[in-house]
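Novice:
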Amino acid sequence: MVRGVDYFARQSGLKTNHRTKIMSNKIRIGVIGVGRGQSFASAATDVVGMELVAICDHWEEKLKAVGEKFNVATYTDYDKFLEHDMDAVILANYFHQHGPFAVKALKAGKHVMSETASNTTLAEGVALCRTVEETGLTYMLAENYPFTAFNQEMRRVYQSGEIGEVTYAEGEYNHPMTPRSSLSISPGTNHWRNWIPSTYYCTHALAPLVYITGERVVRVNGLSIANDEVTRQYVRKGDPGSVILCRTGNGAVFRIFGLCLPGHSNWYRVHGSHGAMELARGSGYFGSGQVRVWHEEWDQKPGQLREQVYSPDWPEHGDLARKAGHGGGDFWTNFHFANAIRSGEPPFLDVYRGVEMSSVGIIAWKSALKEGTPIEVPDFRDEESRKAYENDHWSPWPEHAGPGQPPAGSSKSKPTKEALELARQVWTEGGYKGEDMV
Ligand SMILES: NC(=O)c1ccc[n+]([C@@H]2O[C@H](COP(=O)([O-])OP(=O)(O)OC[C@H]3O[C@@H](n4cnc5c(N)ncnc54)[C@H](O)[C@@H]3O)[C@@H](O)[C@H]2O)c1
20 MVRGVDYFAR QSGLKTNHRT KIMSNKIRIG VIGVGRGQSF ASAATDVVGM ELVAICDHWE
80 EKLKAVGEKF NVATYTDYDK FLEHDMDAVI LANYFHQHGP FAVKALKAGK HVMSETASNT
140 TLAEGVALCR TVEETGLTYM LAENYPFTAF NQEMRRVYQS GEIGEVTYAE GEYNHPMTPR
200 SSLSISPGTN HWRNWIPSTY YCTHALAPLV YITGERVVRV NGLSIANDEV TRQYVRKGDP
260 GSVILCRTGN GAVFRIFGLC LPGHSNWYRV HGSHGAMELA RGSGYFGSGQ VRVWHEEWDQ
320 KPGQLREQVY SPDWPEHGDL ARKAGHGGGD FWTNFHFANA IRSGEPPFLD VYRGVEMSSV
380 GIIAWKSALK EGTPIEVPDF RDEESRKAYE NDHWSPWPEH AGPGQPPAGS SKSKPTKEAL
440 ELARQVWTEG GYKGEDMV
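Residue numbers (this note's numbering): 20 to 457.
1) Helix, strand or coil: which one does DSSP assign to glutamine 444?
2) Looking at the strands, I want to know which residues DSSP matches up with arginine 255.
3) Just mark glutamine 309 as buried or exposed, buried being the case when its beta carbon has 16 or more other beta carbons within 10 Å.
4) Leaving out the 5 sequence neighbours to the left and right, which residues in its chain are closer than 6 angstroms to valine 108 when beta-carbon positions are compared?
5) Any idea if histidine 77 is buried or exposed, counting beta-carbon neighbours within 10 angstroms, 16 or more meaning buried?
6) Give me the DSSP bridge partner(s) of glycine 277.
7) Residues in the same chain with beta-carbon distance under 7 angstroms from glutamate 79, minus the five sequence neighbours each way, listed in chain order, please.
8) Output needed for arginine 288: all residues of its chain with C-beta closer than 6 angstroms, excluding positions within five of it in sequence on either side, in chain order.
9) Sorted by chain position, which residues of the same chain lie with C-beta nearer than 7 angstroms to aspartate 349's C-beta, five sequence neighbours on each side aside?
10) Could you tell me the alpha carbon to alpha carbon distance between tryptophan 351 and histidine 336, rounded to whole angstroms?
11) Is the beta carbon of threonine 150 within less than 7 angstroms of some heavy atom of ligand 1?
12) Sorry if obvious, but does the Cβ on tyrosine 219 come closer than 7 angstroms to a heavy atom of ligand 1?
13) Quick one: what does DSSP say serine 362 is sitting in, helix, strand or coil?
14) Ordered along the chain, which non-local residues of its own chain (more than five positions away) have a Cβ less than 8 angstroms from that of serine 378?
15) Let's test the definition: count the other Cβ atoms within 10 Å of the Cβ of leucine 324 and tell me whether it reaches 16, buried, or not, exposed.
16) Check whether the Cβ of histidine 345 lies closer than 7 angstroms to any heavy atom of ligand 1, and answer yes or no.
17) Please go through the same chain and pick out, in chain order, the residues whose beta-carbon is closer than 8 angstroms to the beta-carbon of histidine 510, but skip the five residues on each side of it.
18) Excluding the 5 residues flanking lysine 126 on each side, which residues of the same chain have their C-beta closer than 8 angstroms to its C-beta?
19) So, for isoleucine 41: in the same chain, excluding its five sequence neighbours on each side, which residues have a beta-carbon less than 8 angstroms away from its beta-carbon?
20) What residues in its chain sit with their C-beta under 6 angstroms from that of alanine 442, if we drop five residues either side in the sequence?
21) Let me check understanding here. Comparing Cα to Cα, which of Ala136, Leu71, Thr222 lies closest to asparagine 112?
22) Can you tell me which of the three DSSP states asparagine 209 falls into?
23) For arginine 284, which residues of its own chain have a beta-carbon under 7 angstroms away from its beta-carbon, when the five flanking residues on both sides are left out?
24) In this structure, does DSSP put serine 61 in helix, strand or coil?
25) Can we say the region 237 to 254 touches the region 272 to 286, given the rule of at least three CB pairs closer than 8 angstroms?
26) Apply the 10 Å Cβ neighbour rule to threonine 267 and answer buried if 16 or more other Cβ atoms are within range, or exposed otherwise.
27) Could you check whether methionine 159 and isoleucine 231 sit closer than 8 angstroms to each other, using their CB atoms as the reference points?
28) Work out the CA separation of valine 91 and alanine 224 for me, nearest whole Å.
29) May I ask you to report which of helix, strand or coil DSSP gives methionine 42?
30) So, with DSSP's three-state summary, where would you put leucine 324?
31) Distance check for phenylalanine 354 and valine 312, CA to CA, integer angstroms please.
32) Take the Cβ of asparagine 410 as the centre, count every other Cβ of all protein chains shown within 10 Å, and call the residue buried at 16 or more, exposed below.
33) Closest by CA to tyrosine 304, which one among Lys320, His345, Arg372?
34) Any heavy atom of ligand 1 closer than 7 angstroms to the beta-carbon of alanine 111?
35) Would you report the Cα separation of glycine 294 and serine 429, rounded to the nearest angstrom?
36) Rounding to the nearest angstrom, what Cα-Cα distance links serine 31 and isoleucine 394 in this structure?
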C-alpha cells in the first residue's frame, strides 16, 4: 500500500504548518553520486513524500544509464545541478568532499542530507555549522545504522530508564572485503577508499550509541592498528583497523572499533547504572538481530526480568523498513529527512551531531599519531568553542597535501607485486583511465 505525506504527518504527529503547504506535499530531491546515491534515489518516493527530479555525477556513462533508469534530469556539473528547480540535495559524492558540497548546496537554498562524513577537516565542520545557522535550512547526516530495528529498540529501552544512565558502551563496524571486491569499488590509488585513515569511518559504530543514549563525545583517545600481512594485500594507504575511546559529556566511556580487519563485526552494547543491553552476537551481517537486556539479581526491580533475549519489531512502518537496505536504515534516513524539512524541526542527526561525530574520526587520527594522547572535541553548538578551529585544515587527503599535513596511515609497508597486478587488472576491466593507475 502506498502511503502519502498525510499518513506520515498523522503517524508522527507532525505540524502541517505554512512550510508544509509550500512544499505542496512533494519534496523535490536531487542526488549527487550514482554509486551509493542510487539507494537514496530509489527511496525518494511517494511513501516518504519525496520526488526524485535530478541526479549529478561526472561519470557520464553511468550517469546516462542511471538517468534513464529513474527518468530524471542529469548533470555532470554540480553548480549547474544546483540551479535545478528542487528543494533538497542528497550528497553521495566522495566521502571526504561532503563538507564543501553541503555548504554550496545550502547557499543555493537547498536542504541537505549528507552521507558520512559531514566534514573531513575541523575548519569544514565550523563552516558547515555556521552555514546551517545562517541559512536556517535543514541539514541531516544520513547515518543509517542507528535506525536498524535493534538499535531503535535499544533506544526505546534506554529512554524507558530500564538500565539507568549509560556508563560504558561499545560500537563495532568492521567490514573486511576481498582485495578484488575492495578494488572494484575504489578505482585509482587516490580514491578515498584507498586513502582513508583507519579512524575516519567511525560513524557506523558511534552514531547508534549517540542515538541510543543521547550523549555527546567530549574527548577521544585513538589507537591505529597496522598489520603488514593484511595491509600489503591491498593498495590502501590507511591502516586496516583502529580503536577510539570516547569520553562522553556525562563521564561515560564509549569504545569504537573498525574498520576492515579480517573478522566481520557489526555490534553494539550499552552498560547502564542498573543493567546492560546489547545486540546479541551471531553470524549474520547484524549478529543475531536480537536484543539482549539483563540485570544483576541484586539490582532487579519488581517486575523486571533477570534476562531477556528477543527479536524486536519496528516502532512503526515495519512494512516499509523491511524492504529497505542496511537493515531498514535506508528507508529511515529519507523518512527522517523529509519529516525534518516538513516540520522545520532539526532531525536527531542534525548538523551538530553530524559534525561532532565526523570530527571524532579526525581527532582520533590526530591522537593515534601520538599513540593515544587524549584530545578535546570542540562543542560545535558553541561559537566560542568552535572558533578556535575555523582555520584548522589539518588533513591527510591527497588534495590537501603540503607542509605540516599528516600521513593517512602508520605503516611503511608497500603493496605486494600480486596486489599491484590485481589492482591494474580490476581497474582496467572496469574501464578506469585515471592518472593514478598503479
Ligand atoms: N551509509 C552506508 O551504508 C553507505 C554505504 C556505501 C557508501 N556510503 C557513503 O556514500 C558516499 C559515496 O559512496 P560510494 O561508494 O558511492 O562512493 P564512490 O566513490 O564510488 O562514488 C562517488 C560518486 O560521486 C561522483 N562524484 C564525485 N565527485 C563529484 C563531482 N564533483 N561532481 C560530480 N560527481 C562526483 C563520482 O563520480 C562517483 O560516481 C561515501 O561518503 C560513502 O561513505 C555509505
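Ideal Cβ placement from N, Cα and C applies to all residues, glycine included.
Specialist: Inspection of the coordinates gives the following:
1) As a working note, residue 444 is residue 425 in the sequence shown. Correct three-state label for glutamine 444: helix.
2) One-based indexing of the sequence shown puts residue 255 at position 236. BP columns for arginine 255 are empty, so no partner.
3) Position 290 of the sequence shown, counting from 1, holds the residue named residue 309. So glutamine 309 ends up on the buried side.
4) In the sequence shown, counting from the first residue as 1, residue 108 sits at position 89. Gly49, Ala124, Lys129, Val131, listed in sequence order.
5) Against the sequence shown, residue 77 aligns to sequence position 58. Under this definition histidine 77 is an exposed residue.
6) Taking the sequence shown and counting its residues from 1, the one referred to as residue 277 is at position 258. Answer is Ser261, bridged to glycine 277.
7) Numbered from its first residue, the sequence shown carries residue 79 at position 60. Once the five neighbours on either side are set aside, the close Cβ partners of glutamate 79 are Thr95.
8) Counting from one through the sequence shown, the residue named residue 288 turns up at place 269. Only Glu189, Glu297 meet the Cβ criterion.
9) On the sequence shown, residue 349 is found 330 positions in, with the first residue counted as 1. Ser58, Ala62, Asn163, Ala343.
10) Position 332 of the sequence shown, counting from 1, holds the residue named residue 351. Position 317 of the sequence shown, counting from 1, holds the residue named residue 336. Distance between the alpha carbons of tryptophan 351 and histidine 336 is about 9 angstroms.
11) Here the question's residue 150 lines up with position 131 in the sequence shown. The answer is no for threonine 150.
12) Stepping through the sequence shown from its first residue, residue 219 is reached at position 200. Result no, Cβ not under 7 angstroms from ligand 1.
13) Here the question's residue 362 lines up with position 343 in the sequence shown. In the structure shown, serine 362 sits in a helix (DSSP, three-state: H, G or I).
14) The residue labelled residue 378 in the question sits at position 359 within the sequence shown. Correct list, in chain order: Asn138, Leu141, Gly144, Val396, Pro397, Phe399.
15) As a first step, residue 324 must be located in the sequence shown, where it is residue number 305. Exposed, because fewer than 16 other Cβ atoms sit within 10 Å of the Cβ of leucine 324.
16) The residue labelled residue 345 in the question sits at position 326 within the sequence shown. Yes, Cβ of histidine 345 sits closer than 7 angstroms to a heavy atom of ligand 1.
17) The structure shown does not extend to residue 510, since the chain is modelled only from 20 to 457, so the question has no answer here.
18) The residue given as residue 126 occupies position 107 in the sequence shown. Contacts found: Thr150, Thr154.
19) Sequence index remark: in the sequence shown, residue 41 carries index 22 (1-based). A caution first: isoleucine 41 carries a pLDDT of 34, below 50, which makes its placement in the model too unreliable to give a value.
20) Here residue 442 refers to the residue found at position 423 when the sequence shown is read from its first residue. Excluding sequence neighbours, alanine 442 sits near Leu202, Val254, Val457.
21) By 1-based counting over the sequence shown, the position of residue 112 is 93. For the residues Ala136, Leu71, Thr222, the minimum Cα distance to asparagine 112 belongs to Ala136.
22) Within the sequence shown, the letter at position 190 stands for residue 209. In the structure shown, asparagine 209 sits in coil (DSSP, three-state: anything other than H, G, I, E or B).
23) As a position in the sequence shown, residue 284 is number 265, starting the count at 1. The amino acid occupying residue 284 in the given sequence is serine; arginine does not appear at that position. Excluding positions up to five away in sequence, the list reads Glu191, Asn193.
24) Locating residue 61 in the sequence shown gives position 42, counting from the first residue. In this structure, serine 61 counts as helix in the three-state DSSP scheme.
25) yes
26) As a position in the sequence shown, residue 267 is number 248, starting the count at 1. Buried, by the Cβ-count rule.
27) Numbered from 1 along the sequence shown, position 212 holds the residue referred to as residue 231. Numbered from 1 along the sequence shown, position 140 holds the residue referred to as residue 159. Going by C-beta atoms, isoleucine 231 is not nearer than 8 angstroms to methionine 159.
28) Here residue 224 refers to the residue found at position 205 of the sequence shown. Here residue 91 refers to the residue found at position 72 of the sequence shown. Taking the straight line joining both Cα atoms gives about 34 angstroms.
29) Within the sequence shown, numbered from 1, the residue matching residue 42 stands at position 23. For methionine 42, the pLDDT reaches just 40, beneath the cut-off of 50, and the residue's location in the model is therefore unreliable, although a value from the coordinates is still provided. In this structure, methionine 42 counts as coil in the three-state DSSP scheme.
30) Position 305 of the sequence shown, counting from 1, holds the residue named residue 324. Of the three classes helix, strand and coil, the one that applies to leucine 324 here is coil, per DSSP.
31) The residue given as residue 312 occupies position 293 in the sequence shown. The residue given as residue 354 occupies position 335 in the sequence shown. For valine 312 and phenylalanine 354, the distance between alpha carbons rounds to 28 angstroms.
32) Working through the sequence shown from its first residue, we reach residue 410 at position 391. When all chains shown are included, asparagine 410 counts as exposed.
33) On the sequence shown, residue 304 is found 285 positions in, with the first residue counted as 1. When only C-alpha atoms are compared, the closest one is His345.
34) Looking up residue 111 in the sequence shown gives position 92. Indeed, a heavy atom of ligand 1 lies less than 7 angstroms from the Cβ.
35) Taking the first residue of the sequence shown as 1, we reach residue 294 at position 275. Taking the first residue of the sequence shown as 1, we reach residue 429 at position 410. Roughly 39 angstroms separates the two Cα atoms.
36) Counting from one through the sequence shown, the residue named residue 31 turns up at place 12. Counting from one through the sequence shown, the residue named residue 394 turns up at place 375. Any reading at serine 31 needs caution, since the residue's pLDDT is 38, under 50, leaving its predicted position unreliable; the model's value is listed next. In a straight line, the C-alpha of serine 31 is about 39 angstroms away from that of isoleucine 394.
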